[in-house]
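One structure is given here, and the rest of the page talks about it.
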Amino acid sequence: MRRLLIAAAAALLWIPGAATQERTEFFIQLADPQLGAFTQDKDFVQETANYEFAVANVNRLRPAFVVICGDLINKTGDKTQATEYFRITSKIDRSIPVHAVAGNHDVGNDPTPESLKAYRARFGPDYYSFRHGRVYGIVLDSSLVSAPAKAQSEADAQETWLKAELARARASDARHVVIFQHHSWFIEKADEASEYFNVPLDARRRYLDLLKSSGVRYVFAGHYHRNALGRDGGLEMITSGPVGRPLGADPSGLRIVTVKDDVLEHAYYGMGQIPNQFPIRPAAPRRNP
-9 MRRLLIAAAA ALLWIPGAAT QERTEFFIQL ADPQLGAFTQ DKDFVQETAN
41 YEFAVANVNR LRPAFVVICG DLINKTGDKT QATEYFRITS KIDRSIPVHA
91 VAGNHDVGND PTPESLKAYR ARFGPDYYSF RHGRVYGIVL DSSLVSAPAK
141 AQSEADAQET WLKAELARAR ASDARHVVIF QHHSWFIEKA DEASEYFNVP
191 LDARRRYLDL LKSSGVRYVF AGHYHRNALG RDGGLEMITS GPVGRPLGAD
241 PSGLRIVTVK DDVLEHAYYG MGQIPNQFPI RPAAPRRNP
C-alpha cells in the first residue's frame, strides 16, 4: 500500500503558487534524429551524441509520452543506422510511451509499397492513433500525402482511415485532437507556394479543410530542421528543429508541450537550454546574510 501511495504521489506534478493545484501534463516532441546526416552516411557519431543527450533529458523530465516526428535515420533502409536508432531509443524509460513517425528518409522521398513494407517490418505502422490523458494523437505518413504517385492505393487507404479516425476522435472525450507528422502542411502561411519543406498545395488544401472541420487545432512536424510557426484559422502549424543536424540558425534541441484543458502551450529548447525540471519552478528568493 505504501508503494502505491508513493507511486501515485510521484506521478503528480504541481505548479507552485497556482491559485488551484492543477496537475501539469506535458509531452516532448523530438524531430529528425536522422542518424548519418552530419557526414552523409559515413558515420553517425554526432547524431548518437545528440540523441543520447535528448534521451537522457527525456528520462530526467519524465513526460507523459514522447513523439519522434520522422527521419529516424538518414539513408532509407540502412540497417546499421536503424540498429543505432533502436539502441538509443531503448534507453527511454519503459514507463514513458514512445511514438515514432515515418519521415521521407525512412520510407523514401517517393514511397513505394516495398519501402512501406520494409518500414513497417522494422519500425512499426506508419499511420496510427494513440490516446494519453487529454490528448488524442493521430500519426500520419506525410510522405504518402506529399508524393503518393508510386503508392497511390496506400495513400488512399491512409486518407480513408484518417477520416474515420477523426470521427472517432470527435466522439471521444479527448480535450485535444493532435496531428503528428513529418512534413509541415505549411511553414508560415497556408497558401504559400509548394516547395520541398511543405506539402504540395492541392493536397494541403484538401487535408487542411478536413482537419479544421474535424476540430483539429494543433499539428506538430519536423523535416524543416529549423523552427517555424504558422496559422490557418484556428489551426496552428508547429514545425520543430532537429535533434540531429540543423539547417539554419536554430540549434539541435527538443520541444516541450504543456497540455491544459483549453490549450496546448509549447516551447523549443536548444540542447544547452533544456530546463532542469518541468514545470519550470521559479528560483527561491535569496536571503540577506
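The sequence shown: position 23 = 13 (our numbering), numbered continuously. Where is the CB? At the ideal position from N, CA and C, for every residue including glycine.
query, result
"So who's on the other strand from residue 168, going by DSSP bridges?", "127, 208"
"Out of curiosity, what's the CA-to-CA distance linking residue 187 and residue 177?", "8 Å"
"Does residue 84 come out as helix, strand or coil in the three-state DSSP assignment?", "coil"
"Here's a check: name, in chain order, each residue in its chain whose Cβ is nearer than 7 Å to the Cβ of residue 44, leaving out the five neighbours to either side.", "20, 233, 244"
"Please identify the residue among 168, 239, 230, 201 whose C-alpha is closest to the C-alpha of residue 223.", "201"
"For residue 295 versus residue 91, is the C-beta distance shorter than 9 Å?", "Beyond the ends of the chain as shown, which are -9 and 279, falls residue 295; an answer cannot be given."
"Would you kindly work out how many angstroms separate the C-alpha atoms of residue 37 and residue 58, rounded to a whole number?", "14 Å"
"Give the range of the alpha helix (DSSP H) segment to which residue 121 is assigned.", "Run containing residue 121: none in the alpha helix (DSSP H); it sits in the beta strand (DSSP E), 118 to 122."
"In chain order, which continuous runs of the beta strand (DSSP E) of length 3 or greater are located wholly inside the stretch 229 to 256?", "243 to 249"
"Would you kindly check if the distance between the Cβ of residue 94 and the Cβ of residue 281 is under 9 Å?", "Lying outside -9 to 279, the shown extent of the chain, residue 281 is not represented and no answer is given."
"To which residues of the same chain is residue 251 closer than 8 Å at the C-beta, ignoring the five residues directly before and after it?", "124, 165"
"Starting from the Cα of residue 66, find the closest Cα among 52, 83, 211, 108 and give me that residue.", "108"
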